[in-house]
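Sequential numbering from 19 applies to the sequence shown in our numbering.
Beneath this line is the structure, given in structure tokens, with notes to follow.
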Amino acid sequence: MHFRVFYLINRSGECLSSTSAVSMSAKAICEQMLDRLQSEDDYLGIIGEGDSTLQVLPEPDNQRYYVEVPIDAAKASYGRYVDRAELEALVRSLPQSFDEHLIPGLTYRPW
């Protein structure tokens with residue numbers, strides 16, 4: 019399965035917008051992108067079918083990541099904190115089409 023990926027890696031200045039997202043497999047995302055998320059200013063976006071999006075925001079001081087599914091119409095997101103092992107398992111098991119109901123444990127957070 020392939021997803022479209024966008025990101026900001028602050029340390030190196032690499033940035034790829036969601037409109038220019040590149041195709042990557044779940045395996046490639048885990049192997050090539052997750053280790054690059056080292057600053058609170060970094061982020062990774064994974065776009066599935068129907069433009070569903072999973073955003074990954076690292077919190078290196080706490081050795082965790084915040085994963086969220088933003089819902090523009092609701093001006094909110096559904097998210098939760100995960101450790102590195104949980105993040106990798108989530109990405110590897112992510113279905114091609116997903117929403118906030120398919121990922122367990124997400125809680126509502128208004129913007």
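Ideal placement from N, C-alpha and C gives every residue a C-beta, glycine not left out.
Every value quoted in this text rests on a predicted model; they were computed, and no experiment measured them.
Residue closest to residue i, alpha-carbon to alpha-carbon, out of the options
i: glutamate 106; options: Phe24, Tyr25 and Ala44; result: Ala44
i: asparagine 80; options: Gln114, Asp69 and Arg102; result: Arg102
i: asparagine 28; options: Arg54, Ala91 and Ser70; result: Arg54
Exposure label - residue i; buried when at least 16 CB within 10 Å
i: aspartate 60; result: buried
i: tyrosine 126; result: exposed
i: serine 70; result: buried
i: valine 40; result: exposed
i: proline 76; result: buried
Under 8 Å between C-beta atoms of residue i and residue j
i: histidine 72; j: leucine 34; result: In the sequence under discussion, the amino acid at residue 72 is leucine, which differs from the histidine named in the question. In this structure, leucine 34 does not lie closer than 8 Å to leucine 72 by Cβ.
i: glutamate 118; j: tyrosine 83; result: no
i: tyrosine 25; j: leucine 62; result: yes
i: alanine 94; j: proline 122; result: no
Integer Cβ distance of residue i from residue j, believed to fall under 8 Å
i: leucine 108; j: valine 85; result: 7 Å
i: isoleucine 47; j: isoleucine 64; result: 7 Å
i: glycine 68; j: serine 38; result: Between serine 38 and glycine 68 the Cβ distance is about 19 Å, and since that is not below 8 Å, they are no contact.
i: phenylalanine 21; j: methionine 51; result: With 8 Å as the limit, phenylalanine 21 and methionine 51 do not qualify as a contact, their Cβ atoms being about 11 Å apart.
i: glutamate 58; j: proline 78; result: 7 Å
Curious, which full-length beta strand (DSSP E) runs of at least 3 residues does the segment 54-101 contain? 61-65, 71-77, 82-89 and 94-100
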